[in-house]
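K.L.:
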Amino acid sequence: MDHEREEAERIRAGRLALLAGAGIFAGKVVAFGITGSSAVFSDAMESVVNVVAAGLLLYSLVVAARPPDPDHPYGHGKVEFFSAGVEGALIALAALAILVEAGGELMRGPELRELDTGLVLLSGLAGANAWLGVFLVRTGRRTASSALVADGRHVLADVWTSVGVVGGLLVVKWTGWVVLDPLIAIAVAANILRTGFAITREAVGGLMDEAPEEMLDTLASALEAQRAPAWIDVHSLRAWRSGRFTHADIHIVVPRYFDADRLHDLDGRINHAVARALDGPTEVIVHFDPCRPRLCAGCEMTDCAIRETGFEVRYPWSRERATRVDEALETGEPLAPYRGHEAFVSLGSNLGDRVAHLRAAADALAATRGVQPVAFSHLYETDPVGPPPQGPYLNAVMRLRTTLAPAELLARLLEIERQRGRERGPERDVARPLDLDLLDYDGLCVDEPGLELPHPRFHERAFVLEPLSELAGERVHPRSGETIETLAASLHDPGAVRPFRGQGGGDPWRSWP
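So the sequence shown is residues 3 to 515, counted in the working numbering.
In structure tokens form, the structure reads like this:
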């Protein structure tokens, strides 16, 4: 279905909603006049909201169909969310009016009449409303109109209200318990309030450019499915809806030697992938970031002339990876503020493939929910402290942002150690494939069973202070009051703590993405 036909169909549906809503409301007013029932009054009050809402709906559909202009470069689609929000507010007002009427009837004592005629009329109107609600929801989903869907849902809620009122009045007729009539009206008011809250919540989300997780999942999956070797990494994916339009922007890391022609071609392919994944018209803005050596290990460009390290692992483009905040090109450090706590973790290994153990630990931390690596030091090789025979250690320090509590973060570190084959025992300073220590957490001083902050011995260990001073030399030790740089200088021994250079003279740790 082309866009012009979609817009015409939406407007036709809006006109039908207005005309049908007015007719159904008039019928319920007649039913209230016949029966004098508060329950029927509550049903009629919900229908009068339908009429006003349908008028707003038709207005919003006409406005949303207008093309973008200089004053509204992103179109007029958000007026539909405004319409849905007003409808939710009107529903709340209708509920209050029902409560006032029902409360008055409870105090006066209900007086009902001609229930048979009223029940027949109300049942027929409920059937007409059911058809209208289903029609509006289906048309709204087919044409990507949130306003039509919201109005259809409200109409369907009105149907259930009518069904409840009919059922309640039947009980009143059979039992003679007229007090049930205002009680039914109060129950109807409560249901109307619930519906109004849901519609208002969705409208506010649309006005605030809320991006549903399912939309972001769809975009990330579409990009992953069409991903080419030159699409090295992704971050800062954002998306929102405005009427039937979906707007998205995204950062893609590409080889830094690509020229404008190749970038233009990539832009077209990315736009095509997004358009195929989403229903309705889309506008996609792609920001191309130049690659840096730290990304070589995750790059599949086999014919790259500037590669510094070989390809090691391909990172799938999940929603979590695609929505990472903007990063500094050289370090990958987030540019936007990250809510959470600052922590420093030391990493060490002197068994097996030491570099592989450290990389695996860093990857496991990066994949942990609530943990975001910010920076990492160079690797250092140090002589073993414990009893022989032991080989030399590789050591490094990572700086993290985390929403985990200190005990939760420490538990995660111990879990990663176990996954790499280490089981902590009573003995200390023995050889191990992986050693992870929580050094500092927001500068807190904690003395609890199983948790001491800062780490009780890190100020005595040059193999910790040397890499830590790279990341936070001006940071003050929480207990001694001395800077990390000062502590590191007091223990500095180039022979004991040596910068590690891997095969070919490069630092393999720097290739971790």
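No residue lacks a Cβ here, since even glycine has one placed at the ideal position from N, Cα and C.
Decide yes or no for the touch test of the segment 390-401 against the segment 347-356: beta carbon pairs closer than 8 Å, at least 3 of them.
P.N.:
yes
K.L.:
Roughly how many whole angstroms lie between the Cα atoms of HIS380 and ARG143?
P.N.:
To locate residue 380, count along the sequence shown from 1; it is residue 378. To locate residue 143, count along the sequence shown from 1; it is residue 141. Roughly 54 Å between the two C-alpha positions.
K.L.:
Just to confirm, are PRO283 and ARG258 a CB contact at a threshold of 7 Å?
P.N.:
On the sequence shown, position 281 is the one that residue 283 refers to. On the sequence shown, position 256 is the one that residue 258 refers to. Not in contact: PRO283 and ARG258 (Cβ atoms no closer than 7 Å).
K.L.:
Report the rounded CA-to-CA distance for ALA2 versus ALA299, giving the unit in angstroms.
P.N.:
Since the first and last residues shown for the chain are 3 and 515, residue 2 lies out of range.
K.L.:
DSSP three-state call for ALA99: helix, strand or coil?
P.N.:
Numbered from its first residue, the sequence shown carries residue 99 at position 97. In this structure, ALA99 counts as helix in the three-state DSSP scheme.
K.L.:
What are the residues that DSSP puts in a beta bridge with PRO501?
P.N.:
Within the sequence shown, numbered from 1, the residue matching residue 501 stands at position 499. In DSSP, PRO501 forms a bridge with TYR382.
K.L.:
Per the contact definition of three or more C-beta pairs closer than 8 Å, is the segment 162-172 in contact with the segment 115-128?
P.N.:
Taking a cut-off of 8 Å for Cβ pairs, the segment 115-128 and the segment 162-172 touch, as three or more such pairs fall below it.
K.L.:
Please name the residue or residues paired with LEU487 in a DSSP beta bridge.
P.N.:
In the sequence shown, the residue the question calls residue 487 occupies position 485. Correcting the residue identity first, residue 487 is Glu in this sequence and not Leu. Answer is none; GLU487 lacks a bridge partner.
K.L.:
Please classify VAL276: does DSSP put it in a helix, a strand, or coil?
P.N.:
On the sequence shown, residue 276 is found 274 positions in, with the first residue counted as 1. It is helical.
K.L.:
Kindly identify the DSSP beta-bridge partner or partners of SER348.
P.N.:
As a first step, residue 348 is located in the sequence shown; it is residue number 346 there, counting from the start. In DSSP, SER348 forms a bridge with VAL399, ASP439.
K.L.:
The alpha helix (DSSP H) with LEU493 in it runs from where to where?
P.N.:
As a first step, residue 493 is located in the sequence shown; it is residue number 491 there, counting from the start. No alpha helix (DSSP H) holds LEU493; DSSP gives it neither H nor E.
K.L.:
Grab me the residues of MET3's own chain with a C-beta within less than 6 Å of its C-beta, minus the 5 sequence neighbours each way, in chain order.
P.N.:
Your numbering for residue 3 matches position 1 in the sequence shown. Its pLDDT being 47, under 50, MET3 is placed unreliably by the model, and the measurement read from it follows with that caveat. Cβ neighbours of MET3 beyond the five flanking positions: none.
K.L.:
Quick check: the segment 460-468 against the segment 483-494, are there 3 or more CB pairs under 8 Å?
P.N.:
yes
K.L.:
Looking only at DSSP bridge pairs, what is ILE254 linked to?
P.N.:
Position 252 of the sequence shown holds residue 254. DSSP output for ILE254 lists VAL236, PHE290 as bridge partner(s).
K.L.:
Which stretch, first to last residue, makes up the beta strand (DSSP E) that contains ASP449?
P.N.:
On the sequence shown, residue 449 is found 447 positions in, with the first residue counted as 1. For ASP449, the enclosing beta strand (DSSP E) has its first and last residue at 448-450.
K.L.:
List the DSSP bridge partners of ARG243.
P.N.:
In the sequence shown, the residue the question calls residue 243 occupies position 241. Answer is THR248, bridged to ARG243.
K.L.:
State yes or no: is the C-beta of VAL256 within less than 7 Å of the C-beta of ALA227?
P.N.:
Here residue 256 refers to the residue found at position 254 of the sequence shown. Here residue 227 refers to the residue found at position 225 of the sequence shown. The answer is no: Cβ separation not under 7 Å.
K.L.:
So, using beta-carbon positions, are GLY90 and ILE36 closer together than 7 Å?
P.N.:
One-based indexing of the sequence shown puts residue 90 at position 88. One-based indexing of the sequence shown puts residue 36 at position 34. It is not a contact, given that the beta carbons lie outside the stated cut-off.
K.L.:
Cβ of LEU411 within 7 Å of Cβ of THR405?
P.N.:
Locating residue 411 in the sequence shown gives position 409, counting from the first residue. Locating residue 405 in the sequence shown gives position 403, counting from the first residue. Not closer than 7 Å, so no.
K.L.:
Using the beta-carbon count (16 or more within 10 Å), is VAL151 buried or exposed?
P.N.:
By 1-based counting over the sequence shown, the position of residue 151 is 149. Buried, by the Cβ-count rule.
K.L.:
Within 10 angstroms of its Cβ, does PRO375 collect 16 or more other Cβ (buried), or is it exposed?
P.N.:
The sequence position of residue 375 within the sequence shown is 373, counting from 1. Buried, by the Cβ-count rule.
K.L.:
Please report how far the alpha carbon of LEU101 lies from the alpha carbon of ILE188, in whole angstroms.
P.N.:
Within the sequence shown, numbered from 1, the residue matching residue 101 stands at position 99. Within the sequence shown, numbered from 1, the residue matching residue 188 stands at position 186. One C-alpha to the other measures close to 6 Å.
K.L.:
If contacts are defined as beta-carbon pairs under 8 Å, then ALA56 and LEU92 qualify, I think. What distance do you get, rounded to the angstrom?
P.N.:
Residue 56 sits at position 54 when you count from the first residue of the sequence shown. Residue 92 sits at position 90 when you count from the first residue of the sequence shown. Wrong, their Cβ atoms sit about 11 Å apart, outside the cutoff.
K.L.:
What did DSSP end up calling PRO318 once you bin it into helix, strand or coil?
P.N.:
Taking the first residue of the sequence shown as 1, we reach residue 318 at position 316. Note: PRO318 maps to coil in three-state DSSP.
K.L.:
Is VAL31 helix, strand or coil by DSSP?
P.N.:
Counting from 1 along the sequence shown, the entry for residue 31 is found at position 29. In the structure shown, VAL31 sits in a helix (DSSP, three-state: H, G or I).
K.L.:
Is it right to say HIS266 is buried, meaning 16 or more other beta carbons lie within 10 angstroms of its own, or is it exposed?
P.N.:
Translated into positions along the sequence shown, residue 266 becomes position 264. Counting Cβ neighbours within 10 Å, HIS266 comes out exposed, since fewer than 16 surround it.
K.L.:
Out of ARG14, LEU60, VAL161, state which residue places its alpha-carbon closest to the alpha-carbon of MET47.
P.N.:
Position 45 of the sequence shown, counted from the start, is the residue given in the question as residue 47. Nearest of ARG14, LEU60, VAL161 to MET47, Cα basis: VAL161.
K.L.:
With DSSP run on the structure shown, which of helix, strand or coil describes TYR340?
P.N.:
Position 338 of the sequence shown holds residue 340. At TYR340, the pLDDT of 47 sits below 50, so the modelled position is not reliable; the number obtained from the coordinates is stated separately. Coil, per DSSP.
K.L.:
For GLY135, collect the residues of the same chain with a Cβ closer than 7 Å to its Cβ; drop the 5 residues on either side in sequence, then sort them by chain order.
P.N.:
In the sequence shown, counting from the first residue as 1, residue 135 sits at position 133. The residues are GLY154, VAL157, LEU158, VAL161.
K.L.:
Could you give the residue range of the alpha helix (DSSP H) that holds LEU411?
P.N.:
Numbered from 1 along the sequence shown, position 409 holds the residue referred to as residue 411. Run containing LEU411: 408-421, per the alpha helix (DSSP H) assignment.
K.L.:
Output the boundary residues of the beta strand (DSSP E) element that contains LEU455.
P.N.:
Reading the sequence shown from its first residue, position 453 is the one you call residue 455. Unbroken beta strand (DSSP E) run through LEU455: 453-455.
K.L.:
Could you round the C-beta distance between PHE346 and ALA474 to whole angstroms and report it? I think they count as a contact, below 8 Å.
P.N.:
Translated into positions along the sequence shown, residue 346 becomes position 344. Translated into positions along the sequence shown, residue 474 becomes position 472. Sure, about 7 Å apart at Cβ, within 8 Å.
K.L.:
Tell me whether PRO408 is buried or exposed, calling it buried when 16 or more other Cβ atoms sit within 10 Å of its Cβ.
P.N.:
Stepping through the sequence shown from its first residue, residue 408 is reached at position 406. It is buried - the Cβ of PRO408 has at least 16 other Cβ atoms within 10 Å.
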